[in-house]
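Participant: Note that the sequence shown covers residues 1 to 37 in my numbering.
Here it is: the structure, laid out below.
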Amino acid sequence: MKKETWKTVLQVIVSILTAALTALGTTSCMGHGPIIL
């Protein structure tokens, strides 16, 4: 794979993880999340 392709893949993964952590963090702060950050 090209380096550019890897960069794109990494950016997508980071975006998904960030969104997931944000969602989990928000629900945890509200007391409904299973994961407490």
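C-beta: ideal position from N, C-alpha, C; glycine also.
So what's Lys3 in DSSP terms, helix, strand or just coil?
Facilitator: Taking the sequence shown and counting its residues from 1, one reaches residue 3 at position 3. In this structure, Lys3 counts as helix in the three-state DSSP scheme.
Participant: Hey, how far is the Cα of Gly25 from the Cα of Ile13?
Facilitator: In the sequence shown, counting from the first residue as 1, residue 25 sits at position 25. In the sequence shown, counting from the first residue as 1, residue 13 sits at position 13. The straight-line gap from Cα to Cα measures roughly 18 Å.
Participant: Could you check the C-alpha separation between Ala23 and Trp6 for me, to the nearest Å?
Facilitator: Against the sequence shown, residue 23 aligns to sequence position 23. Against the sequence shown, residue 6 aligns to sequence position 6. Distance between the alpha carbons of Ala23 and Trp6 is about 26 Å.
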